[in-house]
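Residues are numbered in the working numbering as their position in the sequence shown, beginning at 1, plus a constant of 48. For reference, the structure is listed below as C-alpha cells.
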Amino acid sequence: MKIPATKPYFPEDDIAFIIEKFQDILHGKSFLSNGQYVAQFEKEFAAFIGTKFAVACNSGTSALELICRALDVSGKEVILPSNTFMATANAILNAGGIPVFADCADNMCLDDLDVIKRITKNTIAIMQVHIGGIVSESTLKLKKICEDRGLYFIEDAAQAHGSSLRKTKAGAFGVAAGFSFFSTKVMTTGEGGMVTTNDEMLVEKMKAMREFGKVKQDIYINYHKYMGYNWRMPEVAALMGLRQLSALESFIKRRNEIAKLYDEELKEVLSVKIIKPESESIHNYFKYIIILKDHDRRIVHKELEARGIQPSGYVYELPLHKQPVFPWAQDLKLPKTEYLSAHHLCLPIFYGMTDQEVKFIAQSLKEILKNNRYD
Ligand SMILES: Cc1ncc(COP(=O)(O)O)c(C=O)c1O
C-alpha cells in the first residue's frame, strides 16, 4: 500500500465549476487577476471566519508581510514562536521588524509565560502560530496581554482554516491574521493567501500594498502612497478558493474522523504521546502530531517510508533559533521547543484517506516502534 503525506480534494462538481468559469475568463469575459472572483472569495472568507474584512494575496507569507508592513513593525520587536515555519520570521524581517523567538508549550503553540519574559519597551506585537491547526488556550492569554500592554496581537493562521476555540475561529482573535492556501493545506488554491481583520484602515493599506502601494488619484493609476510589491491573487486561484471554502467543513469533519481512528488505534502505545486539541475547540487536523518518547524518529520515519507510508512533514524538525540563517540566535535556550521539535512526527492525514489506510499506518507504526526502542 502506498500512502502519500497529503492529497488535495476537489469534488467533481467543483472541478466542473472551476473549469467553466476559468474558460469564461480565458475567453476574455473578465479580468485574469484580482477581479470579481477574488472580491467574492474575500467576502465569503471573511464571513466564514467572522471578521468584517479579508484581503486576498498570492501566499501566506505575503499575507503575514502585508500585516507587518501595514502595522509598521519596522525597527520594533515582534515575539513569535521559534517552532514555526521560516515564513513567519521572514514576514517580520522583510517588513523591517526584529523577530524575538519564544518557547512553546506542550501543544507546540506559544507558551504565554515565556512570551511575557521577552516583552521589552521595543515590543510592538506578539504573533501566535496555530501549529498544525491547534488553537491553543494561550491564544486567549496572549490576546489579553496585548490588550493590557497596548501591543498588537497577530495570528499566523496559515494552518488553521476552520479551527476555533470557544466558538471564535482562528483568524478572528487579533488585529489581523494571515492564512495560506498552499497545496498541502486543509483548503488550497495551489498558491495563495488571505488576511482577515476588522480594521478598515489596515484593509485600505494592504489593498494598496499588494499592488505596489498604489492608490487611485484622479486619472493616475500609478500613484504610490506606500512601499509595496506584487502580491496579487490570480482569479483562477480565487475560483478554487471559493469551492474549497464551501467544502471546508466536510474536509474538517473527515479529518476529525481520521484523527479519532488514529487516537483509538494508538491509545495503548505507551511510548506515543498524541497532541490533543484544547477542550471547547475545533481542530481542523491539518496535522496529526505524535511525540515519540523512546525512539529515534529518523529510524521510524525511514521505516514508514520503506513500507510506502510518507510521513506528513514536520512542524518543525529544526526550530528557527537553530537554523544556520540566524547565527545570532543559536545560543538561545528554548527547552520545550527543542525537545518537541526533535521528538515529534506527523502521520499522513487528508480528506480522501480510507479507514483501511489509517489502520494500516497505525499497525505499521506499532510494529516499527516495537522493533526499534532506544533501550
Ligand atoms: C505556519 C506557517 N506560516 C506561514 C506559511 C507561509 O505560507 P505560504 O507557503 O503560502 O507562503 C506557512 C505555509 O507553508 C506556514 O505553515
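Virtual Cβ for every residue (Gly too), placed ideally from N, Cα, C.
Inter-residue Cα distance where the pair is residue i and residue j
i: residue 277; j: residue 255; result: 11 Å
i: residue 193; j: residue 171; result: 12 Å
i: residue 189; j: residue 343; result: 34 Å
i: residue 275; j: residue 115; result: 13 Å
i: residue 69; j: residue 242; result: 21 Å
i: residue 300; j: residue 212; result: 12 Å
i: residue 82; j: residue 91; result: 13 Å
i: residue 166; j: residue 184; result: 19 Å
i: residue 280; j: residue 258; result: 6 Å
i: residue 271; j: residue 246; result: 26 Å
i: residue 228; j: residue 104; result: 10 Å
i: residue 200; j: residue 223; result: 6 Å
i: residue 423; j: residue 202; result: At residue 423 the pLDDT is 47, less than 50, meaning the model places this residue with poor confidence and gives no usable figure here.
i: residue 55; j: residue 402; result: 12 Å
i: residue 120; j: residue 310; result: 44 Å
i: residue 232; j: residue 75; result: 30 Å
i: residue 362; j: residue 162; result: 23 Å
i: residue 130; j: residue 64; result: 42 Å
i: residue 102; j: residue 89; result: 9 Å
i: residue 268; j: residue 80; result: 22 Å
i: residue 379; j: residue 366; result: 14 Å
i: residue 124; j: residue 141; result: 10 Å
i: residue 109; j: residue 175; result: 13 Å
i: residue 327; j: residue 78; result: 46 Å
i: residue 221; j: residue 179; result: 15 Å
i: residue 216; j: residue 334; result: 18 Å
i: residue 409; j: residue 53; result: 11 Å
i: residue 377; j: residue 322; result: 29 Å
i: residue 19; j: residue 59; result: Nothing in the structure corresponds to residue 19, since the chain is present only between 49 and 423.
i: residue 47; j: residue 112; result: The requested residue 47 is not part of the displayed model; the chain covers only 49 to 423.
i: residue 354; j: residue 390; result: 21 Å
i: residue 95; j: residue 295; result: 15 Å
i: residue 5; j: residue 132; result: Because residue 5 is not part of the residues shown, which for the chain are 49 to 423, the question remains open.
i: residue 30; j: residue 418; result: Outside the shown range of the chain, which is 49 to 423, sits residue 30, and nothing can be said about it.
i: residue 360; j: residue 97; result: 26 Å
i: residue 266; j: residue 191; result: 41 Å
Within 8 Å, strictly: CB atoms of residue i and residue j
i: residue 164; j: residue 148; result: no
i: residue 134; j: residue 368; result: yes
i: residue 234; j: residue 332; result: yes
i: residue 210; j: residue 244; result: no
i: residue 400; j: residue 57; result: yes
i: residue 384; j: residue 160; result: no
i: residue 204; j: residue 136; result: yes
i: residue 72; j: residue 291; result: no
i: residue 182; j: residue 405; result: no
i: residue 413; j: residue 156; result: no
i: residue 118; j: residue 253; result: yes
i: residue 153; j: residue 122; result: no
i: residue 352; j: residue 416; result: yes
i: residue 420; j: residue 348; result: yes
i: residue 206; j: residue 226; result: yes
i: residue 289; j: residue 273; result: no
Any non-hydrogen atom of ligand 1 within 7 Å of residue i CB
i: residue 292; result: no
i: residue 204; result: yes
i: residue 109; result: yes
i: residue 135; result: yes
i: residue 228; result: yes
i: residue 132; result: yes
i: residue 263; result: no
i: residue 84; result: no
i: residue 176; result: no
i: residue 76; result: no
i: residue 241; result: yes
i: residue 114; result: no
i: residue 371; result: no
i: residue 207; result: yes
Test: residue i CB closer than 8 Å to a CB of chain D
i: residue 279; result: You won't find chain D in this structure, because it holds only one protein chain.
Specify whether the segment 232-245 and the segment 282-296 touch according to this definition: at least 3 beta carbon pairs, one from each stretch, less than 8 Å apart. yes
Decide if the segment 329-341 is in contact with the segment 386-402; the criterion is three or more beta carbon pairs, one per stretch, under 8 Å apart. yes
Counting Cβ pairs, one atom from each stretch, are 3 or more of them under 8 Å apart for the segment 313-320 and the segment 344-358? Too few Cβ pairs lie closer than 8 Å, so no.
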